Each structure stands twice: as C-alpha cells, then as structure tokens.
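Visitor: Protein chains in written order, with our numbering: chain A, 1 to 404; chain B, 405 to 808.
Just so you know, even glycine gets a beta-carbon here, dropped at the ideal spot from N, CA and C.
Small disclaimer: the values here were computed from a predicted structure and weren't measured.
Dumping the structure here so I can ask a few things about it.
There are 2 protein chains.
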Amino acid sequence: MSIKPAPPLSHRARIIPASPIRKLVPLAEDAKRRGIHVYHLNIGQPDIATPEEFFRAVHGFDEKVIAYKNSQGLAEFIESMIGYYDRISIKLAKENIVITTGGSEALMFAMMAVAEPGDEVIVFEPFYTNYNGFAIMAGVTLVPIATDPGTGYHLPPKDEIERHITDRTRAIMICNPNNPTGTVLDLSELELLTDLALQHDLFILSDEVYREFVYEGETTSMLKMEGLEDRVVVLDSLSKRYSLCGGRVGCVVSRNTEFMESVLRFGQARLCTATLEQVGGAALVNTGDKYIAPMIDEYRARRDATYEELMNIPGIVCQKPSGAFYIMAKLPVDDIESFARWMLTDFAHENETTMIAPGPGFYATAGMGNQEARIAYVLNAEECRRAVRLLARGISEYNNASRN
Amino acid sequence: MSIKPAPPLSHRARIIPASPIRKLVPLAEDAKRRGIHVYHLNIGQPDIATPEEFFRAVHGFDEKVIAYKNSQGLAEFIESMIGYYDRISIKLAKENIVITTGGSEALMFAMMAVAEPGDEVIVFEPFYTNYNGFAIMAGVTLVPIATDPGTGYHLPPKDEIERHITDRTRAIMICNPNNPTGTVLDLSELELLTDLALQHDLFILSDEVYREFVYEGETTSMLKMEGLEDRVVVLDSLSKRYSLCGGRVGCVVSRNTEFMESVLRFGQARLCTATLEQVGGAALVNTGDKYIAPMIDEYRARRDATYEELMNIPGIVCQKPSGAFYIMAKLPVDDIESFARWMLTDFAHENETTMIAPGPGFYATAGMGNQEARIAYVLNAEECRRAVRLLARGISEYNNASRN
Numbered sequence: 001m002s003i004k005p006a007p008p009l010s011h012r013a014r015i016i017p018a019s020p021i022r023k024l025v026p027l028a029e030d031a032k033r034r035g036i037h038v039y040h041l042n043i044g045q046p047d048i049a050t051p052e053e054f055f056r057a058v059h060g061f062d063e064k065v066i067a068y069k070n071s072q073g074l075a076e077f078i079e080s081m082i083g084y085y086d087r088i089s090i091k092l093a094k095e096n097i098v099i100t101t102g103g104s105e106a107l108m109f110a111m112m113a114v115a116e117p118g119d120e121v122i123v124f125e126p127f128y129t130n131y132n133g134f135a136i137m138a139g140v141t142l143v144p145i146a147t148d149p150g151t152g153y154h155l156p157p158k159d160e161i162e163r164h165i166t167d168r169t170r171a172i173m174i175c176n177p178n179n180p181t182g183t184v185l186d187l188s189e190l191e192l193l194t195d196l197a198l199q200h201d202l203f204i205l206s207d208e209v210y211r212e213f214v215y216e217g218e219t220t221s222m223l224k225m226e227g228l229e230d231r232v233v234v235l236d237s238l239s240k241r242y243s244l245c246g247g248r249v250g251c252v253v254s255r256n257t258e259f260m261e262s263v264l265r266f267g268q269a270r271l272c273t274a275t276l277e278q279v280g281g282a283a284l285v286n287t288g289d290k291y292i293a294p295m296i297d298e299y300r301a302r303r304d305a306t307y308e309e310l311m312n313i314p315g316i317v318c319q320k321p322s323g324a325f326y327i328m329a330k331l332p333v334d335d336i337e338s339f340a341r342w343m344l345t346d347f348a349h350e351n352e353t354t355m356i357a358p359g360p361g362f363y364a365t366a367g368m369g370n371q372e373a374r375i376a377y378v379l380n381a382e383e384c385r386r387a388v389r390l391l392a393r394g395i396s397e398y399n400n401a402s403r404n
Numbered sequence: 405m406s407i408k409p410a411p412p413l414s415h416r417a418r419i420i421p422a423s424p425i426r427k428l429v430p431l432a433e434d435a436k437r438r439g440i441h442v443y444h445l446n447i448g449q450p451d452i453a454t455p456e457e458f459f460r461a462v463h464g465f466d467e468k469v470i471a472y473k474n475s476q477g478l479a480e481f482i483e484s485m486i487g488y489y490d491r492i493s494i495k496l497a498k499e500n501i502v503i504t505t506g507g508s509e510a511l512m513f514a515m516m517a518v519a520e521p522g523d524e525v526i527v528f529e530p531f532y533t534n535y536n537g538f539a540i541m542a543g544v545t546l547v548p549i550a551t552d553p554g555t556g557y558h559l560p561p562k563d564e565i566e567r568h569i570t571d572r573t574r575a576i577m578i579c580n581p582n583n584p585t586g587t588v589l590d591l592s593e594l595e596l597l598t599d600l601a602l603q604h605d606l607f608i609l610s611d612e613v614y615r616e617f618v619y620e621g622e623t624t625s626m627l628k629m630e631g632l633e634d635r636v637v638v639l640d641s642l643s644k645r646y647s648l649c650g651g652r653v654g655c656v657v658s659r660n661t662e663f664m665e666s667v668l669r670f671g672q673a674r675l676c677t678a679t680l681e682q683v684g685g686a687a688l689v690n691t692g693d694k695y696i697a698p699m700i701d702e703y704r705a706r707r708d709a710t711y712e713e714l715m716n717i718p719g720i721v722c723q724k725p726s727g728a729f730y731i732m733a734k735l736p737v738d739d740i741e742s743f744a745r746w747m748l749t750d751f752a753h754e755n756e757t758t759m760i761a762p763g764p765g766f767y768a769t770a771g772m773g774n775q776e777a778r779i780a781y782v783l784n785a786e787e788c789r790r791a792v793r794l795l796a797r798g799i800s801e802y803n804n805a806s807r808n
C-alpha cells in the first residue's frame, strides 16, 4: 500500500505562533556550545531561589499514591490562597477560586468562558505574547489597541478605547503590573476600565501575576473596584511571586458564581492540577512578606541598574517602568529580529553576549514593535549592568557593520 | 451606581458538562460525614503505591529554583519515553514526542490540531467521558457510533462506521484498552481502523494510556500499523501505568512532523509542564517490568473477583472485559443515575456503601446508558468483592423500595 500524504491540519494548528521568547533558544544553545556565556534577558525566569517552605512541604508529602485531587484544587491550597487574598484585604469564598495549571490555564479557561469563538477581546499593545496562543485555541479575536513607548505605555484615552468596542466585544484584558512593558496602571486607569465595563457590558480579565512587583505609584487589584463584582476575572499565578515558574500553579478568581461554576467544569475535564506543586504551593502563603518584601527590594535595584545602563545607549526610547520585572525599550536598530539573532550568531565580547525578546512578538498588529525589545531584569544588578553594556556594544557594532 | 447583571457566558461555558464521575462526590462526602464507608468504584484512581523511584527522584531534585522547563518537555523525560517505547519495539525520535500535562492536555492539543471548529471526530459509545469536555473546548463535534454491551462493546462492522463518515470527519478516536468498557481491540479491528484512515483520509487519535492492562488476547499500538505513519496520533500518560494520576504527566506521540511542530507551538503557549512531576516521571522508565508485571497480575485478580461477583446479580448484562481496569455493566435498575445517588443518600449495609459511575455520562447520545454503570476495580480483590456485594444488595433493596 503506498503512503498517502496526511490530511491537512487545522487552521489554528497552522497559525499558532512559535513563542517569540523561545524561538531564538536554538541559536542561544549554539552560542553556548561555542563557549559563549549568554545573559538571558529574554525570558521572565527569575534566578531567585524558590522558598524553602515549598521544598519542605514537597519533601514532607507522605502519601503512597500520587492520586487525582479535587478538580477545583487541593483544599489546603485553596485555603492558603483565601488567606493570601485576605492579607491584601480581598475577602473570597471557596467558590471564588479554581486552582489552575499556571496562569496559562487560568487565561485559557477565562477566555473560553466569556467569549464565543469569533467574539472579541480588547488588549493593549504590546501585550504578553502568549495571549495570542490562547486566543487562537479559544477561537477568540484579540483586538489590539496601541499604547505609546513615549508615554510609558499607559492606557489611551477613553474615546480611543471605545472606538474599538463592537457588538462582539466581550472583555477587556489587562496585565497589571504589565508584562512586557513594566507599566503599573494608576487608580484613574482602573476607574476608566470600571466605567467601560459597566457602560459597555464587558468582563475585565485582569492578569495580576506581578501584583507585588510595584516599585512606586499606587495601583490595586481589579477585585477591589466597586460595582464590578460580577465582571472581574483575575488570573493569578505563584510563578513570579514565589519564583516558581516551573511549578505551574495558578488560579482563576471571580465573584461571578455562574462563571466560576463553568470554570470548574472546564477544570473537571482535565481532572486536576499536579499534586506535588499544589502541596508545595499551599505552604507558600506562610512565607508571606518575609520572602516577598526583600525580593521586591532586590528587583527595584535591578530595575534601577538596568534602566541606568539602558539610558547610556544613544538613541534609546524608554520610560522608567514602575512594576513587574521588564523594561520595554525602543532600540536604535533597523530591525530588532535580525539584531536579536545577530547578537547570538555573530556577536560576542569577552566570550559573552545578551539575549533579548524581540518586540514584534508582543504585538498583534503587523509591522509594530520592529525596533522594540523586552528586557527581563531577572539577573542580579551587576549581571544586568554587564548584559546591557554588551547590548550597547552590540548595537554599536551591528550598526557599524550594517553601514559598511 | 447600581449593579448591572453580568454579561452572559459563552455557549461552551454553559454546555460543558460536569464530570459524571465526579458530580456525585458531594453526596459521597455527605455519606462519609454520616460515618459510612464508601467503596469508590466510580473513579479510575488506583490504590497501588506509586513507584519509589518517582519519590526518590523528586527528593533528589536539588535545583534552587523551580524554573520554566523546555516546552517540549524535560530532556531526560523525553529520553526516558523514547526508551520506554523502544522496549515495546516502537522506535521514536525526539521530535515525535511532546510531554503534556497528563493525557488530558495531549487530547486537547490533538483535537485542536487535526480539526477545525465544527469538524467531526468519530468516537465509539460508550467513551471516556472527558472527551466531551475537550471536544467542547476545541469546538469539535463528536460523532458517536454505538457499540453493544452484548458483544463486549467491540467495533461495529465497517459499513456501519462508514455510514457516519462525512466530508467534515477528520479523525476516528479510539481508546485501547478501553475506558470505560475494558474492551481490548483485536488486530483485525486495528486493521479495520487502518483501512478506514487510508480510504477516507482520516487521522486516528489513539488513547493508549492503558496499554499494559491486557489480561488476554492480542492487541498492539496504532503506532505499529503499517502505512499509517502520518495519520496516527497516540495520546499517552503515566497516570495508570505507574499509579501516578495526580502527577499529570503524559505525552503526544506522532511521526507526523508537521503535526508535532504544531503541538509544540500549542505547548509553547502554556510554557511547560510541571517540573517536579517530570523529574519523577523521568525516573520511572527504569522501574520497567518489575513494577508493571506484578501490577497487571494484581489487576487481573481484581477483575476476576469483580466479574465473578457481578455475575451473581440477577439480570445483569456484562461480558468479561480483557483490559484496562473497568467493567461496564447493564444493571437491573430502571434509572442508573437515581440508583447511584440512592446508594449514597439512602443505602448502607453495616455502615458501608458503594459508589459507581452512571452510564449516561459515557454516552453522547441522549437516552443511552440509562441502565449501565462503569465499575472501576481499583481496590484489592476482597474490597472489590465486598463492594459488588453491597451493590447487589443495593439493587435488590432499591427495586423493592420502588415497587412498594
């Protein structure tokens, strides 16, 4: 029997994008094989140790069988999340939380629950690149509204947002503090979102995984906005807060009962989230501020060092961001994708180079972000300085090479 | 500002079903609070200890940060899966595997990749209930073809299957050995599926998570069927094979390169699978037959005990199944959902009762399975016997009560 070609894959299988944060990884691995040290400013993977409490709880797990757990999440983990929220003055009941496999699954469940395939969700560009992947899986159309590097990527005026609301708009999605821009929305911006949700009958999907990473200015959780109880869905994760990215433990939080019942049924289809990470995660609420507060100080120092060095690059456009652990900057290069590759394939100084995440992956609008890069300051301050100096040197060499 | 009602949820959020295996859990918990011991034959959660190698590897993990891992999976876990497949004479390359968060995620990625929303995937009823949930998430229409309790739920004839193939059919999904029926497909049935896939240009999605659970008869992996290299997608999991249900580690396996590249991009959107479970899972291939072979003997004894006791129930319709750890049986009760509830709310004998999974949840066709139940023989043989005797007593009391 001759082998026939396989049937075609689905449209979504063909268009789902490779992660712009990860697609240059093979080039970085090649560089490492050539003996070059690569500073990874491309990915939000902190170098800070996961709390001991996590490992202690995992090592203390003494059940003989790694069994299915409740689809909603391990009871003690849900309790610990209620305790965590209580400490930031947000009162939640057990039915307001479903534990998810990272913030990623929380995002996917939320999109699927609030929007039909073909419905629209508004996002502000640049945005966390994987929103694209989940939107494609959910069949949801992301409607991007541009923000401006020159104003620190804050929200555009109300009428500009309203111009993008159609009868298929179901939600506005925000990330606060923001990945990739580091922008922290101020209270007036949260009020604006509240007004829009009420006036146009929308959900607010609020990705708050960087909640504690605020270095100055005042913001809050969308869960605290009045009148919005049934319209706010918070997507949360322990990944950044407890340096637990590989743990894949997060949650969906909402006071909309019908919504939470649906999310739980989505959760039942996939049975449960990994047991050991939930056991470890449940112990983290006890680490409280003694872990988080010094970590925030450390990141503030890293931000300051990184920003200071960036400002030494002639022609850079960048506002000092107030949160998360990213800086989005417009760099003086013609094409950031080529430059980011070149840094891995052709550049090295004293056997070192720097990897960045090219801007276009954080935009849905074609042609945007061609000179921007996301810089994750997830290394210690001295390493961040060194990595940015390498970037500066790289820009200079790259531009000279292009000119010759 | 007065609180407006929230916007409506999506259609899929409203129709995604509660797990029929799990929805009676609150009643079981109530029974336990009343001091009643509940034998859980409702869920495929084995009582057999997870291999020590898993815990040893987890305890030996000495990285300070639980960091993101590769989206395709931890290199050593992929290697271990290649080794596992090699031992069952299936040669795979690294690019033929993507590690997933359980067989569940493998299923969802596969459905999304082979079918457009609105496309059809053929399944044989009764089928693993959560296929419904993933089909709803993927927007795929499951087209059920009935199998018959009287023939042990084997595949219907070719023309009966062909009658259900339309121009929107993209795949036939099987589970072999089968959950919920315990049926093992024989080689002629696998040949039939091969012919259908080639003649009608279809993918075969083959859920083989119970691969080792075969007590008699001969079957094989769809990966071994000739001429089908580009059309077979295997959904696999360590959950059953290593009593690791809460670990949520599985994989998608296919030799279709384009398909695997798409699955990897779906995987990149969710970053990675939980680190510790992958570390533990990677150690399991070394346990090999020394763990699996005695476990299969144990399940064979449980099946025999369970089946023998079931045959003492007057009016039961049930063929002895050859695989997995389930028996699907038609019980002499008018309505299985009511009966299953009644066993938890009203019945007890010597302070004990039995929980079963009602049949209708395993059917997509309304009105089917109203007298069937899935019985998971995941307790030791004596407990299985006791649980089935309670079931027999329950049926008798229930029918007497209805009659009076």
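Pull up the distance between the alpha-carbon of M405 (chain B) and that of L228 (chain A), whole angstroms please.
Guide: A caution first: M405 (chain B) carries a pLDDT of 46, below 50, which makes its placement in the model unreliable, though a value can still be read off. Taking the straight line joining both Cα atoms gives about 10 Å.
Visitor: Just by C-beta distance, which residues in the segment 135-149 of chain A are closer than 9 Å to chain B?
Guide: Of all residues in the segment 135-149 of chain A, I136, M137, A138, G139 have a Cβ within less than 9 Å of some Cβ in chain B.
Visitor: Near F766 (chain B), what residues of its chain come up, given a Cβ to Cβ distance below 8 Å and the 5 sequence neighbours on each side ignored?
Guide: P424, E529, P530, F531, Y532, T533, P584, M732, G773, E776, R778.
Visitor: Please classify G359 (chain A) as buried or exposed, where buried requires at least 16 other C-beta atoms within 10 Å of its C-beta.
Guide: So G359 (chain A) ends up on the buried side.
Visitor: In whole angstroms, what separates the C-alpha of V140 (chain A) from that of P117 (chain A)?
Guide: When rounded, the distance between both Cα atoms is 5 Å.
Visitor: Would M512 (chain B) be called buried (16 or more neighbouring beta carbons within 10 Å of its own) or exposed?
Guide: Buried: at least 16 other Cβ atoms inside 10 Å.
Visitor: Between which residues of its own chain and N580 (chain B) is the CB-CB distance below 7 Å, once the five residues before and five after are set aside?
Guide: Around N580 (chain B): V588, L589, S610, E612, T623.
Visitor: Measuring only the C-alpha atoms, how far is A340 (chain A) from G44 (chain A)?
Guide: If you take the alpha carbons of A340 (chain A) and G44 (chain A), they lie about 17 Å apart.
Visitor: For S237 (chain A), does the three-state DSSP call read helix, strand or coil?
Guide: If DSSP states are grouped into helix, strand and coil, S237 (chain A) belongs with the strands.
Visitor: According to DSSP, is S2 (chain A) part of a helix, a strand, or is it coil?
Guide: With a pLDDT of 49 at S2 (chain A), under the threshold of 50, the modelled position of this residue cannot be trusted; read the value that follows with caution. Three-state result, S2 (chain A): coil.
Visitor: Tell me, please, which residues DSSP counts as bridged to D607 (chain B).
Guide: Just to set this straight, residue 607 (chain B) is Phe in the shown sequence, not Asp. For F607 (chain B), which the question treats as bridged, DSSP gives the partners B:A575.
Visitor: Sorted by chain position, which residues of the same chain lie with C-beta nearer than 7 Å to V618 (chain B)'s C-beta, five sequence neighbours on each side aside?
Guide: Excluding residues within five positions, the ones whose Cβ falls inside 7 Å are P581, V588, S726, G727.
Visitor: Alpha carbon to alpha carbon, how far is Y614 (chain B) from K644 (chain B)? Give it in angstroms, no decimals.
Guide: In a straight line, the C-alpha of K644 (chain B) is about 7 Å away from that of Y614 (chain B).
Visitor: With the cut-off set at 7 Å, would you say E801 (chain B) and H441 (chain B) are in Cβ contact?
Guide: Not closer than 7 Å, so no.
Visitor: Look at the alpha carbon of V656 (chain B) and the alpha carbon of R635 (chain B), and state the distance between them as a whole number of angstroms.
Guide: Rounded to the nearest angstrom, the two C-alpha atoms are 13 Å apart.
Visitor: So, for R809 (chain B): in the same chain, excluding its five sequence neighbours on each side, which residues have a beta-carbon less than 6 Å away from its beta-carbon?
Guide: Residue 809 (chain B) lies beyond the range of chain B shown here (405 to 808); nothing can be said about it.
Visitor: The segment 493-519 of chain B: which residues have C-beta closer than 8 Å to a C-beta of chain A, in chain order?
Guide: Listed by position, the residues of the segment 493-519 of chain B near chain A (Cβ gap below 8 Å) are T505, G506, S508, E509, M512, M516, A517, V518, A519.
Visitor: Figure out for me which residue from A:V65, A:E52, A:Y68 has the closest Cα to the Cα of E467 (chain B).
Guide: When only C-alpha atoms are compared, the closest one is A:E52.
Visitor: Taking only beta-carbon atoms, is G250 (chain A) less than 7 Å away from chain B?
Guide: Chain B, which has no Cβ nearer than 7 Å to the Cβ of G250 (chain A), makes this no.
Visitor: Between D605 (chain B) and chain A, is there a C-beta pair that is closer than 7 Å?
Guide: So, interface residue.
Visitor: Out of B:G798, B:I419, B:A785, B:Q603, which has the shortest C-alpha to C-alpha gap to L541 (chain B)?
Guide: In the sequence on display, residue 541 (chain B) carries Met and not Leu. Per the Cα distances, B:I419.
Visitor: Taking C-beta pairs closer than 9 Å, name the residues in chain B that N178 (chain A) reaches, listed in chain order.
Guide: By Cβ distance, chain B contributes nothing, its closest Cβ being about 18 Å from N178 (chain A), past 9 Å.
Visitor: Considering just the uninterrupted stretch of the beta strand (DSSP E) at E120 (chain A), what are its terminal residues?
Guide: Here the beta strand (DSSP E) through E120 (chain A) covers 120-125.
Visitor: Do N660 (chain B) and A6 (chain A) have their C-beta atoms within less than 7 Å of each other?
Guide: Result yes, Cβ atoms of N660 (chain B) and A6 (chain A) sit closer than 7 Å.
Visitor: Between which two residues does the beta strand (DSSP E) containing L546 (chain B) stretch?
Guide: Note, L546 (chain B): beta strand (DSSP E), 545-550.
Visitor: Mind listing the chain B neighbours of A18 (chain A)? Cutoff is C-beta to C-beta under 7 Å, in chain order.
Guide: What A18 (chain A) touches in chain B: R669, Q672.
Visitor: Just tell me which of B:G671, B:E564, B:S592 has its CA closest to the CA of T101 (chain A).
Guide: Among B:G671, B:E564, B:S592, the Cα nearest to that of T101 (chain A) belongs to B:G671.
Visitor: How is the beta strand (DSSP E) around S254 (chain A) delimited, first residue to last?
Guide: Counting along the chain, the beta strand (DSSP E) containing S254 (chain A) begins and ends at 250-254.
Visitor: What does Y39 (chain A) pair with, by DSSP beta-bridge criteria?
Guide: A:T354.
Visitor: For K498 (chain B), count neighbouring C-beta atoms within 10 Å of its own C-beta (all shown protein chains included) and say buried if the count is 16 or more, exposed if not.
Guide: When all chains shown are included, K498 (chain B) counts as exposed.
Visitor: Mapping DSSP to helix, strand and coil, what is I82 (chain A)?
Guide: Reduced to three states, the DSSP call for I82 (chain A) is helix.
Visitor: Between the segment 708-730 of chain B and chain A, which residues of the former have CB atoms less than 9 Å from a CB of the latter, in chain order?
Guide: Per Cβ criterion, the list is empty.
Visitor: Rounded to whole angstroms, what is the Cα-Cα separation between E191 (chain A) and F607 (chain B)?
Guide: Near 50 Å, if we compare the C-alpha coordinates of F607 (chain B) and E191 (chain A).
Visitor: Could one say the Cβ of I292 (chain A) lies closer than 7 Å to chain B's Cβ atoms, at least one of them?
Guide: Judged by the 7 Å Cβ criterion, I292 (chain A) is not in contact with chain B.
Visitor: Starting from the beta carbon of N534 (chain B), find every residue of chain A whose beta carbon is closer than 7 Å, and list them in chain order.
Guide: Result: A269.
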